[in-house]
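Visitor:
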Amino acid sequence: MGKAEDCERTIQTAKEKFGQLDYLVLNHLGSSLPNTMEKVLSGTPWDEDPDVDYFVDFLNVNLVSYVRLASLALPLLKESNGHIVVISSLSGKVPLPTVSYYSSAKFGLDGFFSSLRVELMKAQQDVSVTLVVLGIIKTQGVMDYLKHEAFLKAAVPVNETALAIIRGGATRAREVYQPFYTWPFATLRALWPGVLDNIAVDVDK
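Position 63 (the sequence shown) corresponds to 1102 in the numbering used here; numbering is contiguous.
Rendered as structure tokens:
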């Protein structure tokens, strides 16, 4: 997804195979560079390893490609009154230490797709945009890297999460929070950002 031509081929293939497009679910994480998960979850503060080249590549794959895919799909989605479902994270609502790459991409998704939602509403285009705010999900990749017992207990099953995503897209929900604890944290950040900053400082202790 880091290459424009691959994004174009993805949407064109969907059009040729199905003849139309009802849902665009954007849910990929990666980098053109090796060791993506190790880099993202290394726990290294930005000022100790300010790898700007990796940062640019990470945003290209995990933010720019989302925007590119949605832009390419919009004509088809307008025809079908379709749905865009964007998989984001609590790290895109609440800044946390040592995940600067990931958090930057997820905050960017919120900014772009929330603006796109309003633009579509203003233009009276019946295309819904659902932002899915995820907490810790029990994927194998996440479980391999999580060591903190509290984080492991907070993880929720993949099948429950998939159903929440499907339900949110089908009902044209504005936002979906999964699991339950993501919503109060996001709300607290909006109301009392200083309190959340102090909580985030202690998150690794």
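We treat Cβ as the ideally placed atom computed from N, Cα and C, and that holds for glycine.
Applying the 10 Å Cβ sphere with the 16-neighbour rule, what's the burial state of Leu1191?
Guide: Position 152 of the sequence shown, counting from 1, holds the residue named residue 1191. So Leu1191 counts as exposed.
Visitor: Would you mind sorting Gly1233 into buried or exposed? The rule is 16 or more other CB atoms within 10 Å of its CB.
Guide: Sequence index remark: in the sequence shown, residue 1233 carries index 194 (1-based). So Gly1233 ends up on the exposed side.
Visitor: What number of angstroms, rounded off, separates the C-alpha of Ser1071 from the C-alpha of Val1103?
Guide: Here the question's residue 1071 lines up with position 32 in the sequence shown. Here the question's residue 1103 lines up with position 64 in the sequence shown. Each residue's alpha carbon lies about 13 Å from the other.
Visitor: Could you tell me whether the Cβ atoms of Phe1094 and Ser1143 are closer together than 9 Å?
Guide: For this step, residue 1094 is matched to residue 55 along the sequence shown. For this step, residue 1143 is matched to residue 104 along the sequence shown. Yes. Within cutoff.
Visitor: Indicate the three-state DSSP secondary structure (helix, strand or coil) for Ser1071 in the structure shown.
Guide: One-based indexing of the sequence shown puts residue 1071 at position 32. It is coil, neither helix nor strand.
Visitor: Only counting the same chain, and skipping five residues up and downstream in sequence, which positions put a Cβ closer than 7 Å to that of Ala1054?
Guide: For the purposes of this step, residue 1054 is taken as residue 15 along the sequence shown, with counting starting at 1. For clarity, residue 1054 is Lys in the given sequence; the question names Ala instead. Only Leu1060 and Leu1115 meet the Cβ criterion.
Visitor: Where do the ends of the alpha helix (DSSP H) carrying Val1157 lie?
Guide: For the purposes of this step, residue 1157 is taken as residue 118 along the sequence shown, with counting starting at 1. Where Val1157 is concerned, the enclosing alpha helix (DSSP H) stretches over Ser1139 to Lys1161.
Visitor: Within 10 Å of its beta-carbon, does Ala1109 have 16 or more other beta-carbons around it, so buried, or fewer, so exposed?
Guide: Taking the sequence shown and counting its residues from 1, one reaches residue 1109 at position 70. Flag for Ala1109 reads buried.
Visitor: Return the chain-ordered ranges of every alpha helix (DSSP H) run that is complete within the stretch 1041-1103 and spans a minimum of 4 residues.
Guide: 1043-1057, 1075-1079 and 1091-1098
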